Structure formats: structure tokens, C-alpha cells
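**Q** Starting off with a structure, shown below.
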Amino acid sequence: MNVIKRREAILPGSFDPPTNGHLDIIRRSALLYDKLYVIVADNVQKHYFFSSRERQEMLADLLKDSPNIEIHVWSGLVVEFARQRKIGVMIRGVRALVDFGYEFELAMTNKQLYPELEVLFMPTSPEYFILRSSGIKEMAAYGADISMMVPASVALKIKERVTLLT
3 MNVIKRREAI
13 LPGSFDPPTN
23 GHLDIIRRSA
33 LLYDKLYVIV
43 ADNVQKHYFF
53 SSRERQEMLA
63 DLLKDSPNIE
73 IHVWSGLVVE
83 FARQRKIGVM
93 IRGVRALVDF
103 GYEFELAMTN
113 KQLYPELEVL
123 FMPTSPEYFI
133 LRSSGIKEMA
143 AYGADISMMV
153 PASVALKIKE
163 RVTLLT
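Sequential numbering of the sequence shown, starting at 3, is according to my numbering.
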């Protein structure tokens, strides 16, 4: 019998870097499920600011007080992570209609690959509406204050990385 776990969910993303918006979606999602697996994408075709291990460590540190959250690095299709563990729910955070269009197409593809998977879209909290990891990295490269966009520990790591790259 193929029992799907509905009290467990996955929340995938690149989290490069983890933002306050990411943490908001993760924490709100963790309130809804007994177990939330945060999946850090490790796509060899993408160039990341931080390695998958660094992103995993940052998230683990930021979420250490959340016992029902596990952080995993995954380099394959996210639906395979869910299928292997018989997890039936994937949560995707969305900021705007543009995000929703992309996420909806991705959800339909994932549904074809793993029909038992339900994809739930969680809108961002209004205060995090404009946060984008790519924008934060660009602002940091120009010396902008990003302290309201990311946790202090992440801001420090970004500053250190930008200093190394310049």
C-alpha cells in the first residue's frame, strides 16, 4: 500500500541567501505540518553565491529552535525527494502574479511526475513582498544596507563574501 504522508510537507528553494521572506514562509508552513522538510536546491547548472552546504548551515542555524523542521540539500528533482519519503504536499512561496505564473507551470509539471503530490501556494507576508535574493546580493555588492532584508548573521556572511569577491 502506498501511504502518502499528508502531515509532512516539503518546501524547496535555492535560499541564496536565506531572506526574512524565506524565513517567514518556512515558519508559517511549519505551523501547519508535523514535519517540514526545507529542501536546499543544488543545481549544478546554476551559479550560486553560497554553496549548498553554506545555505544549509545558515538555515539550520536560523531555524534551530524549530524541532519539526529538517533542512536537506538535494541535487535531483524535488518531486523525487517527496516520492522517496512518500510526502504528499509541497509548499511554494509566491510574492506576486509573476511568481504565481511560473510556480503554477512548475506545479503542473511536478503533478505529472508525481500525481500524489499536492502543491500549495503560500503568499508572502506584505512586509516581505519586494524581497528577492538576487536583488539583495546586488544591493550588497554596492554597499547598500540590507539589514532589514536578511537576518543579521546572513547579512554578515554576505558582506564577507562580497569583500572576498572585490
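Beta carbons are placed, not taken as given, at the ideal position from N, Cα and C, and that holds for glycine. Note that the structure is a prediction, hence the values are computed from the model and not measured.
(1) Please return the same chain residues whose Cβ sits closer than 8 Å to the Cβ of L64, not counting the five positions on each side in sequence.
(2) Once you ignore the five residues that flank E118 on each side, which residues in its own chain have a CB closer than 6 Å to its CB?
(3) Where K139 and Y50 are concerned, what is the direct C-alpha to C-alpha distance, given to the nearest angstrom?
(4) When the Cα of S77 is compared with those of P125, G103, D147 and N45, which residue comes out closest?
(5) Kindly indicate the opening and closing residues of the beta strand (DSSP E) around I41.
(6) With DSSP as the reference, label I73 as helix, strand or coil.
(7) For E120, which residues from the same chain have a beta carbon less than 7 Å from its beta carbon, with the 5 sequence-adjacent residues on both sides left out?
(8) With the cut-off set at 7 Å, would you say G23 and Y130 are in Cβ contact?
(9) Is the CB-CB distance between I73 and A62 below 7 Å?
(10) Could you check which residue in K37, V42, S68 and G95 has the C-alpha nearest to that of R57?
(11) With a Cβ-Cβ cutoff of 7 Å, do E59 and K37 count as a contact?
(12) If L13 and I93 are in contact, beta carbons under 8 Å, what's the gap, nearest whole angstrom?
(13) Please classify I160: does DSSP put it in a helix, a strand, or coil?
(14) E118 by DSSP, collapsed to three states: which one?
(15) Are G103 and M124 touching if we call contact CB-CB under 7 Å?
**A** Here's the rundown:
(1) The beta carbon of L64 lies closer than 8 Å to those of P20, L25, P153, S155 and V156 in the same chain, with the five residues before and after it left out.
(2) Closer than 6 Å at the Cβ level, and outside the excluded window around E118, lie I6 and G90.
(3) When rounded, the distance between both Cα atoms is 11 Å.
(4) Distance from the Cα of S77 is smallest, within the candidate group P125, G103, D147 and N45, for N45.
(5) It spans K37 to A43 - the beta strand (DSSP E) in which I41 sits, taken as one unbroken run.
(6) Looking at I73 - three-state DSSP - the assignment turns out to be strand.
(7) Excluding sequence neighbours, E120 sits near G90 and V91.
(8) Y130 sits close to G23, with the two beta carbons spaced by under 7 Å.
(9) Yes.
(10) Looking at the Cα atoms, V42 is the closest of the given residues.
(11) Going by C-beta atoms, E59 is not nearer than 7 Å to K37.
(12) Yes, they are in contact, since the Cβ atoms of L13 and I93 sit about 5 Å apart, within 8 Å.
(13) Here I160 sits in helix by DSSP.
(14) Coil, per DSSP.
(15) In this structure, M124 does not lie closer than 7 Å to G103 by Cβ.
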